[in-house]
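Trainee: Mind the numbering: the sequence shown is residues 424 to 715 in the working numbering, read in order. Could you have a look at this structure, given as structure tokens, before my questions?
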Amino acid sequence: MMATLFLAFFGFSAQGWAQGSADVSIEHHFAQVIGATLAESDWECVFDLTDTSGQGGTHIIKLLDERGDSGAVESADFGINSNFAFQLGANQTKRLTIVRRSGFLGRAVVLSSAQAAIILTLNQYYPGTDQLAGSSNIPESTPESRVTLSLKTKTGLAIANPNTIPAQITLTQRNSQGVDTKTSSFTLLPGSHVSKFVDEFPFSLLKMEMGSVNIASNVPVVSVGFSFTGLIFNSIPIQPAYRGASPILSNLITTLYFVPKGVEPRKIPRSADFCHPAPFYQPFVVCQKKCF
Numbered sequence: 424m425m426a427t428l429f430l431a432f433f434g435f436s437a438q439g440w441a442q443g444s445a446d447v448s449i450e451h452h453f454a455q456v457i458g459a460t461l462a463e464s465d466w467e468c469v470f471d472l473t474d475t476s477g478q479g480g481t482h483i484i485k486l487l488d489e490r491g492d493s494g495a496v497e498s499a500d501f502g503i504n505s506n507f508a509f510q511l512g513a514n515q516t517k518r519l520t521i522v523r524r525s526g527f528l529g530r531a532v533v534l535s536s537a538q539a540a541i542i543l544t545l546n547q548y549y550p551g552t553d554q555l556a557g558s559s560n561i562p563e564s565t566p567e568s569r570v571t572l573s574l575k576t577k578t579g580l581a582i583a584n585p586n587t588i589p590a591q592i593t594l595t596q597r598n599s600q601g602v603d604t605k606t607s608s609f610t611l612l613p614g615s616h617v618s619k620f621v622d623e624f625p626f627s628l629l630k631m632e633m634g635s636v637n638i639a640s641n642v643p644v645v646s647v648g649f650s651f652t653g654l655i656f657n658s659i660p661i662q663p664a665y666r667g668a669s670p671i672l673s674n675l676i677t678t679l680y681f682v683p684k685g686v687e688p689r690k691i692p693r694s695a696d697f698c699h700p701a702p703f704y705q706p707f708v709v710c711q712k713k714c715f
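What follows is the structure in structure tokens.
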């Protein structure tokens, strides 16, 4: 099914990289990656990495399948692997192409030691041919606890949980007048990824020509939307949204306290008190009493 197109993608390789030789602390998340041959169409994905630091650095593309496991894929130039690493010189550009016969659906994170411009492109081909049916750049996804995207006639959605705890996700669908029309909830296990059309399980929303959907989670997740017209598709921008307190925390919030730089929030050792980083207003914390 075309629903299997929504994913996020991770991967490494030994090319030009010795493990532990660089501090790859910069993370770039991509909530949809696919390299597969399906009944309706064939898919490949292309990563273009360009050094923007002026000094060069190490960049590791880490591929994760829908369960959150490392997913081995076939690349056009660097063989079969689940991790592909590149050493970019100053202002250099390198490309990784995940070919159609890889049979991969999932998500990706790029770990970098220096600033870089990263473009992920999904290409869709007519089945069994080299005739391109559609192509779209997939934007980088910032982990967020609450986002909104516009709904089109045929909308796909990919969500991935990069955390080590389950994500409790609530989707709220609204029509073009901003009126809530449908709500659904589901659990996304640690590291896992789901990609479906919005009217399919587990999203289970209504088909709608125009409207929006709000995604709320107890932990930050990454997501991306797609609009389809036949085999032509485009990514839909995801926008951070804040509409009141998180449903998980709404009964706990009484005051927002600013945490000065260099001061760590601490949990007050009494069961009646609550303190932890606020999901929407970093570097604020949510407390019933001051946390510092």
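Beta carbons: idealized from backbone N, C-alpha and C, even for Gly.
1. So, G458 versus D488, is the Cβ gap smaller than 8 Å?
2. How many angstroms separate the CA atom of D622 from the CA atom of P589?
3. How is the beta strand (DSSP E) around S535 delimited, first residue to last?
4. Could you give the first and the last residue of the continuous beta strand (DSSP E) run that contains A664?
5. List the endpoints of the continuous beta strand (DSSP E) containing L628.
6. If G587 and P613 are in contact, beta carbons under 8 Å, what's the gap, nearest whole angstrom?
7. Out of curiosity, what's the CA-to-CA distance linking T610 and V602?
8. Select from Q455, A495, N637 the residue whose C-alpha is nearest the C-alpha of T604.
9. For D465 and Q596, I'd like the C-alpha separation in whole angstroms.
10. For a quick check, are the C-beta atoms of I661 and G557 less than 8 Å apart?
11. In the DSSP assignment, find the unbroken beta strand (DSSP E) run with I449 in it and report its ends.
12. Cα-Cα, which of N504, A639, K517 is closest to T571?
13. Quick one: what's G718 bridged to in DSSP?
14. Can you pull the DSSP bridge partners for V496?
15. For F624, does the count of other Cβ atoms within 10 angstroms reach 16, so buried, or fall short, so exposed?
16. Just to check my reading of the structure: A664 and I582 have Cβ atoms closer than 8 Å, yes? What is that Cβ distance to the nearest angstrom?
17. Specify, as a first and last residue, the run of the beta strand (DSSP E) that R518 falls within.
18. Taking Cβ positions, are L461 and K517 nearer each other than 8 Å?
19. According to the neighbour-count rule (16 or more other Cβ atoms, all chains shown, within 10 Å of its Cβ), is G634 buried or exposed?
20. Are the segment 507 to 527 and the segment 476 to 487 touching, with three or more C-beta to C-beta distances below 8 Å?
21. Cα separation between Q600 and I541?
22. Excluding five sequence neighbours on each side, which residues of the same chain lie with their C-beta closer than 6 Å to the C-beta of D500?
23. Decide if G502 is buried, meaning its Cβ has at least 16 other Cβ atoms within 10 Å, or exposed.
24. So, helix, strand or coil for R490, using DSSP?
25. At the level of alpha carbons, what is the spacing between T552 and N641?
26. Near K575, which residues of its chain fall below 6 Å by C-beta distance, leaving aside the five closest residues on each side in sequence?
Mentor: Here's the rundown:
1. As a first step, residue 458 must be located in the sequence shown, where it is residue number 35. As a first step, residue 488 must be located in the sequence shown, where it is residue number 65. No; because the gap between Cβ atoms is not below 8 Å, this pair is not in contact.
2. Position 199 of the sequence shown, counted from the start, is the residue given in the question as residue 622. Position 166 of the sequence shown, counted from the start, is the residue given in the question as residue 589. Distance between the alpha carbons of D622 and P589 is about 23 Å.
3. Start at 1 with the first residue of the sequence shown, and residue 535 comes out as number 112. Boundaries of the beta strand (DSSP E) around S535: 527 to 535.
4. Locating residue 664 in the sequence shown gives position 241, where the first residue counts as 1. Taken as a continuous stretch (DSSP letters only), A664 belongs to no beta strand (DSSP E), as it is neither H nor E.
5. Mapped onto the sequence shown, residue 628 falls at position 205. Note, L628: premise wrong, no beta strand (DSSP E); not H, not E.
6. Here residue 587 corresponds to residue number 164 of the sequence shown, with the count starting at 1. Here residue 613 corresponds to residue number 190 of the sequence shown, with the count starting at 1. The amino acid occupying residue 587 in the given sequence is Thr; Gly does not appear at that position. Contact flag correct, Cβ pair sits at about 5 Å.
7. Taking the first residue of the sequence shown as position 1, residue 610 is located at position 187. Taking the first residue of the sequence shown as position 1, residue 602 is located at position 179. C-alpha separation (whole angstroms): 25 Å.
8. Reading the sequence shown from its first residue, position 181 is the one you call residue 604. If you compare the alpha carbons of Q455, A495, N637 with that of T604, the shortest gap goes to N637.
9. Position 42 of the sequence shown holds residue 465. Position 173 of the sequence shown holds residue 596. About 31 Å.
10. Within the sequence shown, numbered from 1, the residue matching residue 661 stands at position 238. Within the sequence shown, numbered from 1, the residue matching residue 557 stands at position 134. No, they are not a contact pair.
11. Numbered from 1 along the sequence shown, position 26 holds the residue referred to as residue 449. Counting along the chain, the unbroken beta strand (DSSP E) around I449 starts and ends at 449 to 460.
12. Sequence index remark: in the sequence shown, residue 571 carries index 148 (1-based). By alpha-carbon distance to T571, the top candidate from N504, A639, K517 is A639.
13. Look at the range of the chain in this structure, 424 to 715, and you will see that residue 718 is not part of it.
14. As a first step, residue 496 is located in the sequence shown; it is residue number 73 there, counting from the start. Under the DSSP definition of a beta bridge, V496 partners with N504.
15. Your numbering for residue 624 matches position 201 in the sequence shown. A residue is called buried when at least 16 other Cβ atoms come within 10 angstroms of its Cβ; F624 does not meet this threshold and is exposed.
16. Position 241 of the sequence shown holds residue 664. Position 159 of the sequence shown holds residue 582. Rounded to the nearest angstrom, the Cβ distance from A664 to I582 is 15 Å, too far for a contact under 8 Å.
17. As a first step, residue 518 must be located in the sequence shown, where it is residue number 95. From DSSP, the beta strand (DSSP E) with R518 extends over 516 to 521.
18. Here residue 461 corresponds to residue number 38 of the sequence shown, with the count starting at 1. Here residue 517 corresponds to residue number 94 of the sequence shown, with the count starting at 1. Cβ distance not < 8 Å, so L461 and K517 don't count as in contact.
19. Taking the first residue of the sequence shown as position 1, residue 634 is located at position 211. That one is buried.
20. With the cut-off at 8 Å, the segment 507 to 527 and the segment 476 to 487 touch.
21. Along the sequence shown, read from residue 1 onward, the residue named residue 600 stands at position 177. Along the sequence shown, read from residue 1 onward, the residue named residue 541 stands at position 118. If you take the alpha carbons of Q600 and I541, they lie about 36 Å apart.
22. As a first step, residue 500 must be located in the sequence shown, where it is residue number 77. Counting only Cβ-Cβ distances below 6 Å, and skipping sequence neighbours, we find nothing.
23. Within the sequence shown, numbered from 1, the residue matching residue 502 stands at position 79. It is exposed - the Cβ of G502 has fewer than 16 other Cβ atoms within 10 Å.
24. Counted from its first residue, the sequence shown places residue 490 at position 67. In the three-state reduction of the DSSP assignment, R490 falls in the coil class.
25. Counted from its first residue, the sequence shown places residue 552 at position 129. Counted from its first residue, the sequence shown places residue 641 at position 218. Rounded to the nearest angstrom, the two C-alpha atoms are 43 Å apart.
26. For the purposes of this step, residue 575 is identified with residue 152 of the sequence shown, where counting begins at 1. The residues are S650.
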